[in-house]
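Asks: Have a look at this one before I ask anything.
There are 2 protein chains.
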Amino acid sequence: MNRIYVVGIGPGEYEKMTIQAAKVLESCDVIVGYTVYVDLVKEHFAGKEFLTTPMKQEVKRCEMAFEEAMKGKTVAMICSGDAGVYGMAGLMLEIGTRYPECQVEVVAGVTAALGGAAVLGAPLIHDFALISLSDLLTPWEKIEKRLLCAAEADFVICLYNPSSRKRHDYLQKACDLMLTYKAPETVCGLVSNIGREGELMQLMTLEELRDMQVDMFTTVFVGNSQTMVVDGRMVTPRGYKMGEQA
Amino acid sequence: MNRIYVVGIGPGEYEKMTIQAAKVLESCDVIVGYTVYVDLVKEHFAGKEFLTTPMKQEVKRCEMAFEEAMKGKTVAMICSGDAGVYGMAGLMLEIGTRYPECQVEVVAGVTAALGGAAVLGAPLIHDFALISLSDLLTPWEKIEKRLLCAAEADFVICLYNPSSRKRHDYLQKACDLMLTYKAPETVCGLVSNIGREGELMQLMTLEELRDMQVDMFTTVFVGNSQTMVVDGRMVTPRGYKMGEQA
Chain B
0 MNRIYVVGIG
10 PGEYEKMTIQ
20 AAKVLESCDV
30 IVGYTVYVDL
40 VKEHFAGKEF
50 LTTPMKQEVK
60 RCEMAFEEAM
70 KGKTVAMICS
80 GDAGVYGMAG
90 LMLEIGTRYP
100 ECQVEVVAGV
110 TAALGGAAVL
120 GAPLIHDFAL
130 ISLSDLLTPW
140 EKIEKRLLCA
150 AEADFVICLY
160 NPSSRKRHDY
170 LQKACDLMLT
180 YKAPETVCGL
190 VSNIGREGEL
200 MQLMTLEELR
210 DMQVDMFTTV
220 FVGNSQTMVV
230 DGRMVTPRGY
240 KMGEQA
Chain C
0 MNRIYVVGIG
10 PGEYEKMTIQ
20 AAKVLESCDV
30 IVGYTVYVDL
40 VKEHFAGKEF
50 LTTPMKQEVK
60 RCEMAFEEAM
70 KGKTVAMICS
80 GDAGVYGMAG
90 LMLEIGTRYP
100 ECQVEVVAGV
110 TAALGGAAVL
120 GAPLIHDFAL
130 ISLSDLLTPW
140 EKIEKRLLCA
150 AEADFVICLY
160 NPSSRKRHDY
170 LQKACDLMLT
180 YKAPETVCGL
190 VSNIGREGEL
200 MQLMTLEELR
210 DMQVDMFTTV
220 FVGNSQTMVV
230 DGRMVTPRGY
240 KMGEQA
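Protein chains in written order, with numbering that gives the first Met the number 0: chain B, 0 to 245; chain C, 0 to 245.
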């Protein structure tokens, strides 16, 4: 059985990878991935064979990984964040049915929601929903429905892919939908370049978020009705009573 | 400034911790935590001072951490999974306002949703909602509303704290609510003891999940309308078209 690992490398910085992820990458012959992610890990895994494909070539990238494994090599397909959250784990398992000699193992990592939350403080302490604003592979109506329902149920909401060149007004649209149920003064936060050079965090209200321009390297956090600012950090209380035993 | 770290140690197994988490624990003088979690890391960090409090003593545990830091020690408060998902990061930041000499830094980790997803396959590839069924600190009506809204919007749903001695029928109640919008044949998965001895995964339909008894070490995954079983794994497709470039 040829083993292929699908490895989440975390937000970017080497140390934010799990020990298991680093060990798997050290043990393998070939590291396959999107060009940007391969560049992030390259210096830490010298002597490996690196294979890359640009964006939107995900199917080809997976097939390339399986072809290498079929040659008897140990292969790791890397993804930023977690391989299982908007990552390649699903597609690898699907395409893997064509390569029954290969066994796919998923190695979890810290996705941007968790990495970004740590920078902001503790916005995700309670129930939350993760929604991608990219409508490349999802009908916009479905995204709208999710934004509305998540806001109605007072979830903390974390938005991935909040913007791109073609979708410069999607964050504004999303805020308008969430404002149907969430108060304009709801505490929100942005984190850019999590665990990479130029990491930046910013707090604001939902009303202010609506008018912000963000780039595709930004993760957006919209609080629930209890989320507050504590010493400049974004904190969602879990409900513990202070001063008594909870 | 005295530094206190709030560290997510991942699902349990040492290697599922981030490199950063391990480095922080190695560098600190005192490791504070819930007894069970301290026992999980103890053997890997010999020579440290360990302080524990049992469950439901969370406020006291935080105060203990700050008191140690005030003595000039470097302190790490550990949580299982991620410190920022139903973890101690929020309470530490809140209580930290009473200790302005201390600076709280959150170190993210792999929460059970991500760790369990990797075991099952790739259930969380697309938009998902995380809901705790524990009503110790949250009114049950709020939990009900979230289950209904998340199901209505066709989120993949991951359930934490699906059961306990006092709440043996909560998972059944939750399934009934989700069945308002989700089909009985929706693909579901359970993972117990993620990254620990006795790790176990199981796939079933939502209808079957309704009649299962699970314990508090189990994380439950309920698929969206597209989630499927691929070679015995639970996979939510992202929408990539097979055989063409997506």
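Virtual Cβ for every residue (Gly too), placed ideally from N, Cα, C. All figures in this text were calculated on a predicted structure; none of them were measured in a lab.
1. In whole angstroms, give me the CA-to-CA distance for Tyr239 of chain C and Val84 of chain B.
2. If I follow the unbroken beta strand (DSSP E) through Val40 of chain B, where does it start and stop?
3. How would you write the range of the beta strand (DSSP E) that Gln102 of chain B sits in, first residue to last?
4. List, in order along the chain, the chain C residues whose C-beta lies closer than 8 Å to that of Arg195 of chain B?
5. In the DSSP assignment, what residue or residues form a beta bridge with Phe154 of chain C?
6. Measure from the C-beta of Ala173 of chain B to each C-beta in chain C and report whether the shortest distance is under 7 Å.
7. For Val234 of chain B, is the classification buried or exposed, using 16 other Cβ atoms within 10 angstroms of its Cβ as the cut-off for buried?
8. Hey, quick one: how far does the alpha helix (DSSP H) through Cys27 of chain B stretch, first residue to last?
9. Determine the contact status of Gly194 of chain C and Lys15 of chain C, defining contact as a CB-CB distance below 7 Å.
10. Where does Thr34 of chain C land, buried or exposed, given buried means 16+ other C-beta within 10 angstroms?
11. Alpha carbon to alpha carbon, how far is Cys78 of chain C from Leu158 of chain C?
12. If we define contact as Cβ-Cβ less than 7 Å, is Ile3 of chain C a contact residue for chain B?
13. Select from C:Asp175, C:Met215 and C:Ser26 the residue whose C-alpha is nearest the C-alpha of Thr204 of chain C.
14. So, does the CB of Phe127 of chain C fall closer than 7 Å to a CB anywhere in chain B?
15. Could you pull the start and end residues of the beta strand (DSSP E) that Ile124 of chain C belongs to?
16. What would DSSP say about Gln201 of chain B, mapped onto helix, strand or coil?
17. Checking 7 Å against the spacing of the C-beta atoms, do Gly7 of chain C and Gly120 of chain C come in under that value?
18. Take the Cβ of Thr17 of chain B as the centre, count every other Cβ of all protein chains shown within 10 Å, and call the residue buried at 16 or more, exposed below.
19. Cβ closer than 8 Å: which chain B residues qualify as neighbours of Glu14 of chain C?
20. Exposed or buried, Gln246 of chain C, counting other C-beta atoms within 10 Å across all chains shown (16 or more means buried)?
21. Name, please, each residue of chain C whose Cβ falls closer than 8 Å to the Cβ of Ser247 of chain B.
22. Should the segment 96 to 108 of chain B be called in touch with the segment 141 to 157 of chain C, which here means at least 3 C-beta pairs below 8 Å?
23. Tell me, please, whether the CB atom of Leu113 of chain C is closer than 7 Å to any CB atom in chain B?
24. From this set, C:Val229, C:Val58, C:Leu24 and C:Arg60, which residue's C-alpha is nearest Phe44 of chain C's C-alpha?
25. My output table needs one value for Leu147 of chain B: the three-state DSSP class, helix, strand or coil.
26. For Lys47 of chain B, which residues in chain C fall below 7 Å Cβ to Cβ?
27. Is there a Cβ of chain B sitting closer than 7 Å to that of Arg166 of chain C, yes or no?
28. Quick one: is Lys144 of chain B near chain C, going by C-beta distance under 7 Å?
29. Do three or more CB pairs link the segment 208 to 219 of chain B to the segment 48 to 60 of chain C at distances below 8 Å?
30. So, is the C-beta of Leu170 of chain B closer than 7 Å to a C-beta in chain C?
31. To the nearest angstrom, how far is it from the Cα of Glu246 of chain C to the Cα of Glu57 of chain B?
32. What first and last residue would you give for the alpha helix (DSSP H) that runs through Arg60 of chain B?
33. How long is the line joining the alpha carbons of Asp38 of chain C and Met91 of chain C, rounded to whole angstroms?
34. When the Cα atoms are used, what is the spatial distance from Met87 of chain C to Ser224 of chain B?
35. Of all the options B:Gly222, B:Lys59, B:Ala21 and B:Thr52, which has the alpha carbon lying nearest to the alpha carbon of Lys42 of chain B?
36. Within 7 Å of any Cβ in chain C, is that where the Cβ of Val219 of chain B sits?
Replies: Let's see:
1. Residue placement at Tyr239 of chain C cannot be trusted, given a pLDDT of 40 that sits under 50; what the coordinates show is reported in the next sentence. Cα to Cα, the separation comes out at about 14 Å.
2. No beta strand (DSSP E) contains Val40 of chain B, which is instead part of the alpha helix (DSSP H) from Thr34 to Val40.
3. Run containing Gln102 of chain B: Cys101 to Val106, per the beta strand (DSSP E) assignment.
4. Correct list: empty, because the minimum Cβ distance to chain C is about 14 Å.
5. Paired residues: none, contrary to the question.
6. no
7. With 16 or more other Cβ atoms within 10 Å, it is buried.
8. Per DSSP, Cys27 of chain B belongs to no alpha helix (DSSP H) and is neither H nor E.
9. yes
10. exposed
11. 18 Å
12. no
13. For the options C:Asp175, C:Met215 and C:Ser26, the alpha carbon positioned closest to that of Thr204 of chain C is the one of C:Asp175.
14. Taking 7 Å as the CB threshold, Phe127 of chain C lines the interface with chain B.
15. Boundaries cannot be given for Ile124 of chain C, as no beta strand (DSSP E) includes it and DSSP labels it neither H nor E.
16. strand
17. no
18. buried
19. Thr17, Ile18, Gln19 and Lys22
20. Coverage of chain C is limited to positions 0 through 245, which leaves residue 246 of chain C absent and any answer about it impossible.
21. Only positions 0 to 245 of chain B appear in this structure, which leaves residue 247 of chain B out of reach.
22. Remark: fewer than three beta-carbon pairs, one from each stretch, lie closer than 8 Å, so the segment 96 to 108 of chain B and the segment 141 to 157 of chain C are not flagged as touching.
23. Yes - at least one Cβ of chain B is within 7 Å of the one on Leu113 of chain C.
24. With distances taken between CA atoms, Phe44 of chain C lies nearest to C:Leu24 out of C:Val229, C:Val58, C:Leu24 and C:Arg60.
25. In the three-state reduction of the DSSP assignment, Leu147 of chain B falls in the helix class, which pools H, G and I.
26. Under the 7 Å cutoff, chain C gives no residues; its nearest Cβ is about 18 Å from Lys47 of chain B.
27. no
28. So, interface residue.
29. no
30. no
31. In the structure as shown, chain C starts at 0 and stops at 245, and residue 246 of chain C therefore has no counterpart that could be examined.
32. It spans Glu57 to Met69 - the alpha helix (DSSP H) in which Arg60 of chain B sits, taken as one unbroken run.
33. Asp38 of chain C and Met91 of chain C have their C-alpha atoms spaced approximately 21 Å apart.
34. Rounded to whole angstroms, Met87 of chain C to Ser224 of chain B spans 20 Å at the Cα level.
35. The question names Lys, but residue 42 of chain B in the sequence shown is Glu. Checking every option, the nearest Cα to that of Glu42 of chain B belongs to B:Ala21.
36. no
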